[in-house]
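One structure below.
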Amino acid sequence: GDSVTQMEGPVTLSEEAFLTINCTYTATGYPSLFWYVQYPGEGLQLLLKATKADDKGSNKGFEATYRKETTSFHLEKGSVQVSDSAVYFCALSENSGNTGKLIFGQGTTLQVKP
Amino acid sequence: NAGVTQTPKFQVLKTGQSMTLQCAQDMNHEYMSWYRQDPGMGLRLIHYSVGAGITDQGEVPNGYNVSRSTTEDFPLRLLSAAPSQTSVYFCASSRSANQPQHFGDGTRLSIL
């Protein structure tokens, strides 16, 4: 079945460092891809999305490009801030079947130190 | 501007007890879903609904029941709680099945 694999954390960076969180997927169809962020004690918030190959999603300085040839959707940010400390989830949505089912990776914890 | 509201935020149960986790949304979304979040496993879909009166099973439905009598509400029922159901539960909603989902803040449930 469809699956999502994220790099294991935790990831610890200094403020203003460059961030990459790797995400690869396995899917039989043409899924939409998402990055969600979870701040401590809160629910998940949509960070960005891409619905087809070569689309680039971006928001709040974060970017990710839907790469069908490498089945990847890596999250990047040029300069992280302490406020970016959170858990980041990569997810895919099966576009067929109308189930709305999101398949999540295991999450990657990011800690940014001043 | 409430979005998706879950109650309670925390709950401790004894094995065998029953309870209902409440979820309400005020965005007139047709699609609603329940996930559980366990360490190292991301979120897994329990049940979902594509509209009032329509529900279906997700990836891990055993031990849980749902109903959808109104567009706004989508309660999750544990009929006989088991320690394996200790988890954080999230409700989500969206305009339709293929639109980005909005999540509530979660219910942290412990079963002793």
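Protein sequence lines, in the order shown, are assigned to chains S and Y. Using this note's numbering, the letters of the first sequence map in sequence onto residues 174 to 287. Using this note's numbering, the letters of the second sequence map in sequence onto residues 2 to 113. Glycine is no exception: its CB is placed at the ideal position from the N, C-alpha and C atoms.
Among Y:Ala93, Y:Leu113, Y:Pro101 and Y:Gln100, whose alpha-carbon lies nearest the alpha-carbon of glutamine 38 of chain Y? Y:Ala93
Is aspartate 27 of chain Y buried or exposed, if buried means 16 or more other CB atoms sit within 10 Å of its CB? exposed
Where glutamate 215 of chain S meets chain Y, residues with beta-carbon distance less than 9 Å: Phe104, Asp106 and Gly107
Within chain S, the residues that leucine 77 of chain Y reaches when beta carbons sit closer than 9 Å: Within 9 Å Cβ-Cβ: nothing; leucine 77 of chain Y doesn't reach chain S, min ~15 Å.
Quick one: complete beta strand (DSSP E) runs, 3+ long, within the stretch 39-75 of chain Y? 44-52, 55-58 and 65-67
With DSSP run on the structure shown, which of helix, strand or coil describes valine 184 of chain S? strand
Between threonine 72 of chain Y and the rest of its own chain, which residues show a CB-CB distance below 8 Å, the 5 nearest in sequence each way excluded? Asn29, His30, Glu31, Gly52 and Ala53
Along chain Y, in chain order, which residues have C-beta atoms closer than 8 Å to that of glutamine 279 of chain S? Gly41, Met42 and Gly43
Can you name the start and end residues of the beta strand (DSSP E) that serine 231 of chain S belongs to? 229-232
Got a sec, what are the start and stop residues for the beta strand (DSSP E) phenylalanine 235 of chain S sits in? 235-238
Can you list, in chain order, the residues of its chain with a C-beta nearer than 7 Å to that of glutamine 279 of chain S? Leave out the 5 residues immediately preceding and following it. Gln179
Please determine if the stretch 224-244 of chain S and the stretch 10-25 of chain Y are in contact, where contact requires at least 3 C-beta pairs separated by less than 8 Å. no
Using a Cβ-Cβ cutoff of less than 8 Å, which residues in the same chain neighbour proline 183 of chain S once the five nearest sequence positions on both sides are dropped? Thr281, Thr282, Leu283 and Gln284
With a threshold of 7 Å between beta-carbons, can tyrosine 90 of chain Y be considered close to chain S, or not? no
When the Cα atoms are used, what is the spatial distance from asparagine 99 of chain Y to valine 255 of chain S? 33 Å
Distance CB(tyrosine 36 of chain Y)-CB(phenylalanine 75 of chain Y) smaller than 7 Å: no
Quick one: Cα of aspartate 106 of chain Y to Cα of proline 84 of chain Y, how far? 22 Å
Where glutamine 58 of chain Y and phenylalanine 11 of chain Y are concerned, what is the direct C-alpha to C-alpha distance, given to the nearest angstrom? 25 Å
Own chain residues within Cβ distance below 7 Å of threonine 6 of chain Y, not counting five before or after: Ala25 and Gly105
Looking at the C-beta of leucine 46 of chain Y, does it have a partner C-beta in chain S at a distance below 7 Å? yes
Valine 177 of chain S lies in the beta strand (DSSP E); which residues open and close that run? 176-179
The beta strand (DSSP E) enclosing glutamate 249 of chain S, as first and last residue numbers: 248-250
Ends of the beta strand (DSSP E) at leucine 113 of chain Y? Counting along the chain, leucine 113 of chain Y falls outside any beta strand (DSSP E), and DSSP gives it neither H nor E.
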